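Peer 1: One structure, as structure tokens, below. Some questions next.
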Amino acid sequence: MNTIEDILAVIDGHGSRQYGREAVSQREHALQCAQLAEQDGASDALVTAALLHDFGHLVNRTAETDGPDVDDVHQYIAIPFLRPFFPPAVLEPIRMHVEAKRYLCRVDPAYWAGLSDCSKHTLKLQGGIFSEEEAAQFIQRPFAADAVKLRIWDDRAKTPGLATPTTRHYAAAMARCMTAESVI
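In this text, residue positions in the sequence shown follow the numbering used here: the first is 174, and each later residue adds one.
The following block contains the structure:
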């Protein structure tokens, strides 16, 4: 993988898979999440992170990490694929978006109540709700606030049949935040 086109091809080629137990595909979820970020006026880096936050689900499809009762650690699996292209402003919210769910459940009880059943199930697999101390430490880390924003869009990006732009729409935003060493 060495271009934006390759990254978008992964989303388009493998994104038709169901997004967990949700009523949308991986592609629909990614596009809805990016659209929500864009509508909220997020930076190019955060829009790109929103589009790519579940990229690890698409590039890691092995039997050991596939199944309803396995945490596939997708937030970490995506990073080696994306690191050659994107700066920490893209990578860190992706890496931290699962922890952001654990954080939000601690600081906002209504957040947990609003999670889908699928998200509640994966929360258990991902370590459960943060303790007070873990939550306090998490939110102090660089990019934690962006990860929280991403997480909120992530939770809202599950509407069957919602009209969104295509993956190609996000290529320009991706290009604007790519690292200087990247090749487009």
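The beta-carbon is built from N, C-alpha and C at its ideal position, and this holds for glycine as well.
Every value quoted in this text rests on a predicted model; they were computed, and no experiment measured them.
Output the boundary residues of the alpha helix (DSSP H) element that contains residue 327.
Peer 2: Indexing the sequence shown from 1 puts residue 327 at position 154. Start and end: 317-329.
Peer 1: What does the alpha-carbon distance come out to for the pair residue 312 and residue 222?
Peer 2: The count along the sequence shown starts at 1 and reaches residue 312 at position 139. The count along the sequence shown starts at 1 and reaches residue 222 at position 49. The alpha-carbon atoms of residue 312 and residue 222 are separated by roughly 18 Å.
Peer 1: Determine the direct distance from the alpha carbon of residue 189 to that of residue 314, and round the result to whole angstroms.
Peer 2: For the purposes of this step, residue 314 is identified with residue 141 of the sequence shown, where counting begins at 1. For the purposes of this step, residue 189 is identified with residue 16 of the sequence shown, where counting begins at 1. If you take the alpha carbons of residue 314 and residue 189, they lie about 34 Å apart.
Peer 1: Are the stretch 294-313 and the stretch 178-189 touching, with three or more C-beta to C-beta distances below 8 Å?
Peer 2: Segments in contact, no.
Peer 1: Which ranges would you report for the alpha helix (DSSP H) in the stretch 237-305 if only whole runs of at least 4 residues count?
Peer 2: The qualifying runs are 247-255, 261-280, 282-287, 290-298.
Peer 1: Roughly how many angstroms separate the alpha carbons of residue 250 and residue 181, rounded to a whole number?
Peer 2: Looking up residue 250 in the sequence shown gives position 77. Looking up residue 181 in the sequence shown gives position 8. Distance between the alpha carbons of residue 250 and residue 181: 17 Å.
Peer 1: Suppose you measure from the CA of residue 331 to the CA of residue 293; what does that come to, to the nearest Å?
Peer 2: What you label residue 331 is simply residue 158 of the sequence shown in a count that begins at 1. What you label residue 293 is simply residue 120 of the sequence shown in a count that begins at 1. Distance between the alpha carbons of residue 331 and residue 293 is about 14 Å.
Peer 1: For residue 334, is the classification buried or exposed, using 16 other Cβ atoms within 10 angstroms of its Cβ as the cut-off for buried?
Peer 2: To locate residue 334, count along the sequence shown from 1; it is residue 161. By the neighbour-count rule (16 or more Cβ atoms within 10 Å), residue 334 is not buried but exposed.
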